[in-house]
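Here the protein sequences line up with chains A and B, keeping their order. Residue numbering for the first sequence follows my numbering, beginning at 1 and increasing consecutively. Residue numbering for the second sequence follows my numbering, beginning at 906 and increasing consecutively. Just so you know, even glycine gets a beta-carbon here, dropped at the ideal spot from N, CA and C. This report concerns only the one structure given below.
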Amino acid sequence: MAKLILLCLKFIILSSAVEAVFEDQVGKFDWRQEYVGKVRFSHFDTHVQSSKKVLLATENNVFAALNTRTGELFWRHVDKTGPEGNIDALLQHGQDVVLVVGNGRLLRSWEINVGGLNWEIVLDSGSFQSACLVGQQDNVKHVAVLKKTVISFHYLSNGHQKWIENLPESETVDYQSVYSDGNGEVYALGIVPHSHIAIVAYSVEDGEIIKQVTMIHSSSIKYAVCVVISQGMLTCVDPLTVSLYMLDLHTESQMTQIPLQAMLVSFATTGEKTVAAVMSPKNKTASSLNLFSAETGRRLLDTTLIFNMDPYGGKPEKLHVQAFLKKDDSVGYRVMVQTEDHTLTFIQQPGRVMWTREEALSDVVTMEMVDLPLTGTQAELEGEFGKKADGLMSMVLKRLSSQLILLQAWIAHLWKLFYDARKPRSQVKNEVTIENLSRDEFNLQKMMVMVTASGKLFGIDSKTGSILWRHYLDNIPSNAAFKLMVQRTTAHFPHPPQCTLLIKDKDTGLATLHVFNPIFGKKSHVSPPALPQPILQSLMLPLMDQDYAKVLLLVDDQYKVSAFPSTKNVLQQLQEMASSIFFYLVDSTQGRLSGYRLRTDLSTELIWEVVIPAEVQKIVSVKGKRPNEHVHSQGRVMGDRSVLYKYLNPNLLAVVTESTDLHQERSFVGILLIDGVTGRIIHEAVQRKARGPVHVVHSENWVVYEYWSTKSRRNEFSVIELYEGMELYNSTVFSSLDRPHAPQVLQQSYIFPSYISTLEATLTEKGITSRHLLIGLPSGGILSLPKMFLDPRRPEIVSEQSREENLIPYAPELLIRTEWFINYNQTVSRVRGIYTAPSGLESTCLVVAYGLDIYQTRVYPSKQFDVLKDDYDYMLISSVLFALFFATMISKRLAEVKLLNRAWR
Amino acid sequence: VKMARLLQFKIAVVSTVLFVVCTNLVCCNNGRRVGDAMDTEFSGFSVPLEHSFEVDDVAKFKVRGALVLKAGREHSVSLTQNQLSEEDRAKLKEVAAVDGLYRIRVPRVFLQADRQTERQMDGYLTAFVRACAMVESHLSDVIALYSDVSGYLIGVSIVTLPGACRGTEVEDEVDLEVFNTTLSIMAPVNAPGPETALFLERMEQETEKKGKNPQEQKSFFAKYWYLILGGAIFLMATNSAQPPAGGEGEQS
């Protein structure tokens, strides 16, 4: 086995060179942003006066510490996704934080300075309700965990259980919270809906029930926020009646009601005082915050704070208050406001924003990269060529005026250079703002338009990662599916670029369109059509209207087609083209794939149908090719100098199915290659004893998929390549309607030593550069695997011809080499998607990986063959050039003299 | 180790045996009546193959022939079909002139079922080809039926040979009388897994080859002792002949 691996290694080392980053290139072309997600719990670290930490536990099962001065992460722990890693409670005492994780399954203690784990114990099963620390101010030794039917008591130092007791009448009483004042008693508070409050007091020492109290409460409300403040006062906020209820647990008196005028309330304790911060709307764009004493309900003086709402953001949703005692013993505070769009804004007292964090970016759904616009001068030049010629004189004038503008811009540039040179270097800032955005020489800097699950759109500069615009779309359904399309690129000056976001409710199928400018984020003045019918399919046509916007076709559930934009020009073009516009629909519940053709009256007709019985296998994914993909070479040159032509069908669909039978002997993964126009099944293969999740990449003439082999219990990659054969059927144009011969299909499989999270292929401008597969691994690495290793023509026995063709001999295992990680040590947590975009340089492909984090970098699959190296020696080459030039001059002169002398002789 | 390798080899052999494309090409004889097929020696069952070609492109399917399907380890299929009537020929030419479609359909069936009632399922599988291609190829078409792993028919396809529409006029009516159909039924192929057994075998052969060649077996020193010795002697000779240059520097 060792020899096998050694041989593999040898082959690999021989076949490809190293392509990792150098140390001085770190962070030069790439950046990473780390996020935590929507905040569920927060706790300001107050045990040291100078501490500047806030601890956060989020809906994404992340536990993190932020710097309250800058908003940066100190450390972060990413737990399992789903209910297993769900954080139920967060309690802090001094240096330690206790977390309850996984619906009361685990109890963990963390050290907050470095974020290390102190201990972890497994709790008994049961639905978690509440937890609290037990002890006096600085002398907390225990933690109490309340579940649906039991209450348990643990030591804070090591997590060991001290005692566990059943709760009385747990069938009827809904125990909600647990509280202790540190005097040897623990109270469990329960509510019987519409009846009374039940309080059970336990002894701290042995868990004996000391007393049981029931209290009738006046109204039949279910409390939203209830806390027990230091002197045993139960304080509850009722959002329906907008009032504060107070109850003394020791005296068991009636509840007192204090009406409030508020929107949001949060409690905080500092020293002996507990305060409630109350946010109330002031006007449309601003809210005011005030502090109330929790004991008395009175408003504290000089505590007003104004929060200005972002016009492109959401409404405030939650407050996290950091209260502290000032020198004069009055209470001061800072507040972290959480809005509907998952933004965190940290505000100091007069209303100064210290930092904001866009946590919506932890859940990016889809993205596009859009070219930046040309600068004014470049656009002026471009515009000159775009306009129609109208007379010699006006053309000359136009040329002169544009030359003048260029000259002006050049002088302004020179002046700026001169001006900047006099300033000290530290003051010169090259900050990217929305005003000075322009395309660079090689189109390497682009605008990343990101759509997040919360409905917030972002425009991010791909070079620096700074957010240039944001736009929150309210009333997005919670189960929305998004599709982002670029209708008009920046190439059509003076028409602004245009993006369209299709937002579809997954349950009802109803959709809305949001049309916007991807560079500035502004909503377009073009009004999208109202879509009263559920939408089945959308497709972007290469047709353009007179304003250079591509036509978007939307198919509704009546199989009627509507176009956007739907001008007369577009409708006319559609009528002409109708008989050559085909589209397909997939109904995965019934396993039905059907093809339609457009008619001139924008209705459709069914032309083909393929039905995969849903009781045997279900369709899990349908992948077409990317429309902006270019293939440079039509075929591959073989060892004997003949050409094997690729089958490059742009309408080919890769349909992946999984068996409904999940037994490991009978389960299978099916791969169907179907022509999307004619419905012809080009290839049908079954991977037996295999199971999903299947990841697929479909490009050029190949399909790569990855699956789990249940027989060998490992991940495997398989590659299918399609070839037309030694001669092309019709080399000028490809038509699905006229390709009678089925292509040759080659397939090979490999073992891959890791699970994968996502799969994508690199993409370049002209398709000359060789392709790599970008594989997102669960470990946070992004692997760039050369497609050369996934080639079904890799020979099992090496021959002269295969060597001539540079084919790597077949080895069943694909190895993971550390130099192939494009993100070196920049771990991308929970990577969900990888987006690739071509740049202006053929060698370079821009890559964005998104998940919990966002990582942007460039890859060079065939190395930078079109770029000079950074350390290229210009001096040497120019001096050699000059030296040669002078040498020829001198030798020419000498030769002339010699000739002359000879002539005289 | 030997046992394990043997086992793997056996598995490889089995999988290569399994890797047989279940394709069966049947060229059918034409011109027979549909009814004849039902009572022949085929133990399979018959389903109608229908076609439609209309000037207004609204599908009206009529029987073109009968497919006789036979299930088994390798499915087989044969077709008996009618000639095109005079009327149909004229219509087909008309449809071809307006670039209409020629569609075919077969009912969804389950090949492995024993009883007729279990075989039939509701719905059809449809495919199309341009009517002009049908005319210009003189009704020579290639029809393929596709089944899935468990024996359900999942799709049908039709192409003509040649496939292009060049606008050549078909003069002779006789050319459009008889279908010249190539028919096949395809089951999915088994995708190959990683070929570990063969790879290991090859590795073993290579090591054996190395073992036979005694030159390879020798260690580094055994192979190049004379070079190393020569180098060492040369070094010693140059050292002793020349006093070290650094020494002088130290003395002064």
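Query	Result
In terms of residue numbering, what span does the alpha helix (DSSP H) encompassing G639(A) cover?	Note, G639(A): premise wrong, no alpha helix (DSSP H); not H, not E.
In chain A, which residues lie less than 9 angstroms from A1142(B) when you measure between Cβ atoms?	What A1142(B) touches in chain A: nothing, since even the nearest Cβ is about 39 angstroms away.
Identify the residues that DSSP records as bridge partners of N1095(B): which are they?	V686(A)
Return helix, strand or coil for A1002(B), following the three-state DSSP convention.	helix
Cβ atoms of V1034(B) and V1003(B): under 8 angstroms apart, would you say?	no
Note down, in chain order, every chain A residue with its Cβ under 9 angstroms from the Cβ of I1133(B).	Per Cβ cutoff of 9 angstroms: no residues; I1133(B) is ~26 angstroms from chain A at best.
Since S749(A) meets chain B, which of its residues come closer than 9 angstroms, beta carbon to beta carbon?	A1096, P1097, G1098, P1099 and E1100
Count Cβ pairs between the stretch 745-753 of chain A and the stretch 1083-1103 of chain B that sit closer than 8 angstroms; are there 3 or more?	yes
Give the DSSP-derived three-state secondary structure of H142(A) in the structure shown.	strand
On the DSSP letters alone, give me the boundaries of the beta strand (DSSP E) that Q176(A) sits inside.	D174 to S180
What does L1016(B) reach in chain A if we use C-beta pairs closer than 7 angstroms?	Within 7 angstroms Cβ-Cβ: nothing; L1016(B) doesn't reach chain A, min ~12 angstroms.
For F458(A), which beta-bridge partners are listed by DSSP?	M450(A) and R470(A)
Taking all protein chains shown into account, decide if G977(B) is buried (16 or more other Cβ within 10 angstroms of its Cβ) or exposed.	exposed
Find the nearest neighbour of Q573(A) within the set G521(A), Y559(A), R599(A) and C845(A), judged by alpha-carbon distance.	R599(A)
Using the beta-carbon of each residue, which ones in chain A are nearer than 9 angstroms to S1029(B)?	The question names Ser, but residue 1029(B) is Tyr in the sequence shown. Simply E609 and V611.
Using a Cβ distance threshold of 8 angstroms, determine whether the stretch 758-767 of chain A contacts the stretch 788-805 of chain A, with at least three qualifying pairs required.	no
What does G1060(B) touch in chain A if you count any residue whose Cβ is under 9 angstroms from its own?	L593, W608, E609, V610, V611, I612, L672, I674, G679, R680, I681 and E684
DSSP on R422(A), reduced to helix/strand/coil?	helix
Going by beta-carbon coordinates alone, are S970(A) and V697(A) separated by less than 8 angstroms?	Lying before the first or after the last residue shown, residue 970(A) is absent from chain A, which here runs from 1 to 905.
State the Cα-Cα distance for the pair M544(A) and T490(A), rounded to the nearest angstrom.	14 angstroms
Is the stretch 60-70 of chain A in contact with the stretch 36-47 of chain A, if contact means three or more CB pairs nearer than 8 angstroms?	yes
Taking C-beta pairs closer than 7 angstroms, name the residues in chain B that F668(A) reaches, listed in chain order.	V1054
Helix, strand or coil for N1144(B), going by three-state DSSP, please let me know.	helix
What is the C-beta distance between S127(A) and N158(A), in whole angstroms, given that I count them as a contact (C-beta under 8 angstroms)?	Contact flag wrong, Cβ pair sits at about 25 angstroms.
I'd like to confirm the pairing. Which residues does DSSP put opposite E716(A) in its beta bridges?	Y707(A) and I751(A)
Distance, Cα to Cα, G509(A) vs L301(A)?	53 angstroms
Within 8 angstroms of any Cβ in chain A, is that where the Cβ of V1180(B) sits?	Because chain B here runs from 906 to 1157, residue 1180(B) falls outside it and cannot be looked at.
Can you pull out the residues from the stretch 557-586 of chain A whose beta carbon lies closer than 8 angstroms to at least one beta carbon of chain B?	S579
Helix or strand or just coil, what does DSSP make of V275(A)?	strand
May I have the straight-line CA-CA distance separating N730(A) from V643(A), to the nearest angstrom?	15 angstroms
Less than 8 angstroms between the C-beta atoms of A1069(B) and D738(A), yes or no?	yes
Check the Cβ-Cβ distances between Y810(A) and every residue of chain B, and say whether any is below 8 angstroms.	yes
Roughly how many angstroms separate the alpha carbons of V555(A) and Q537(A), rounded to a whole number?	5 angstroms
If we count Cβ pairs, one from each stretch, closer than 8 angstroms, do we get three or more for the stretch 475-490 of chain A versus the stretch 498-506 of chain A?	yes
Please list the partners that D738(A) has in chain B, where partner means a Cβ-to-Cβ separation under 7 angstroms.	G1068 and A1069
How would you call W469(A), buried or exposed, if buried means at least 16 neighbouring beta carbons within 10 angstroms?	buried
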